[in-house]
Structure formats: C-alpha cells, structure tokens
Amino acid sequence: MPIVTIVQSPMTGWNQVLKRILDIFGALIALVLFAPLMFIIAIIIRLTSSGPSLYGQERMGLDGRTFNALKFRSMHYDAESETGAVWASKNDERRTKFGTFSWGKYSLDELPQLFNVFKGEMSLVGPRPKRPVFIEQFKSQIPNYMLRHKVKAGITGWAQINGWRGIHPLKNALSVTCII
C-alpha cells in the first residue's frame, strides 16, 4: 500500500474560481463568528504571558513560495532564540499554560490563519504549511515531498481530519494525499 498517493487532477477554470470564492466567504463567515473568541484569546495570552498575542511564522505554500502564517502565540516569547527551529512536542516546556490548552485538540492557535485564507495565501482545506527548515528535512527523506506545494496550503487537511497534528512530524509528512 503506497504511503503517498498522488492524484493528477488539476483544478482549473471555474473550479478554481469557485474554490477561491468558497475560501473567501468561508473565511469571512468564520472570522465574524470567531471574532469574539479570538479577542478573548488575545487578551488571555497578553494577561498570562509576556510578548505579543499574535505572530507570523514563515511557512511554505503554493509553488514553494513563503508567506507569514499568522498564529496565536502558544509558547513563551522568543522560545526558539537559543534552540533555533524545533518541532513542537505534546508536552513541550516552551508552551505557556494557555498554549498547552489552546494547542490541544482545539487548535485555537490556528484561528488567525483565517486572515491568510482571506488574503489568498492559504485555503480552508489543503496540506498544512510547514516551515522551510522542516521541509528541507522532509524532502531529503521522502520522495516527491515537494508535490504537496502544487496546491495551496490549508488550515485543515487530510492529516488533521485523521487526528494527526504536530506531534507526528514524519508521520504527517508521509501521510499526505496530494491532489495535483
């Protein structure tokens, strides 16, 4: 059984336009509905730890272009200043108390990425965008890994629907179904 399935089915024409329209309206509706929650989360982060509530983290998206994925800060401010990029783990000591809660099964730290969807940098559904430093590791270990960048990165994707988030970096990378 193949670990990575590649399906050649490019989205063009009206299908591409319709997907973008759905992304815009879906993100807009979600932003309106979640605005009060996002405001409360931002306040909780500011009250419980030092540093900004939001930050942008470089991620790789469509056609290998990088963009700043917006996130609520779930780790202590400047958590990677000494270590550099390190894959987050389930019981990561760098997380704030609220970050541990928000990062769990709710993924509340990802809500600001609705702005990335609205701007056209991401889609509601697609492979999760990874940091360039991790992509370098994955593409040397996984044949055709870069094919995932033939589609727009998404807030949710196949791995998240199947319960894999963050703590299984290689498992996530190997379990990608790309629709190209």
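Counting with our numbering, you get residues 1261 to 1440 for the letters of the sequence shown.
Ideal Cβ positions, reconstructed from N, Cα and C, are used throughout, including at glycine.
Since this is a predicted model, take the numbers as computed values, not measurements.
In this chain, Thr1356 is not harboured by any beta strand (DSSP E), its DSSP state being neither H nor E. Per DSSP, Lys1410 lies in no beta strand (DSSP E) and is assigned neither H nor E. In the pairwise beta carbon analysis, the region 1390-1403 is classified as touching the region 1320-1328: at least three pairs are separated by under 8 Å. Taking each of Lys1331, Ser1309 and Gly1311 in turn and checking the Cα distance to Glu1318, the smallest one comes out for Lys1331. Taking the Cβ atoms as the reference, Phe1378 lies roughly 7 Å from Leu1288, within the contact range of under 8 Å. Beyond the five residues adjoining it in sequence on each side, Phe1358 comes within less than 7 Å, by CB distance, of Ile1304, Ile1305 and Thr1308 in the same chain, given in chain order.
Counted as a single uninterrupted DSSP element, the alpha helix (DSSP H) harbouring Ser1400 occupies residues Pro1392 to Gln1401. Between Ser1383 and Gly1414 the beta-carbon gap is near 5 Å, inside 8 Å, which marks them as a contact. Taking a C-beta distance under 8 Å as the contact criterion, Gly1417 and Pro1372 do not qualify as a contact pair.
Beyond the five residues adjoining it in sequence on each side, Gly1380 comes within less than 7 Å, by CB distance, of no other residue in the same chain. Bounds of the beta strand (DSSP E) holding Leu1384 are Ser1383 to Val1385. Cβ neighbours of Tyr1315 within its own chain (closer than 7 Å, five residues either side excluded): Lys1331 and Arg1333.
If you draw a 10 Å sphere on the C-beta of Glu1370, you find 16 or more other C-beta atoms in it, and that means buried. Checking the DSSP bridge columns, you'll see Leu1330 partnered with Gly1316. For Thr1308, the secondary structure class from DSSP, reduced to helix, strand or coil, is helix.
If you look at Asn1422, you'll find it isn't in any alpha helix (DSSP H); DSSP assigns it neither H nor E. Where Asn1376 is concerned, the enclosing alpha helix (DSSP H) starts and stops at Gln1373 to Lys1379.
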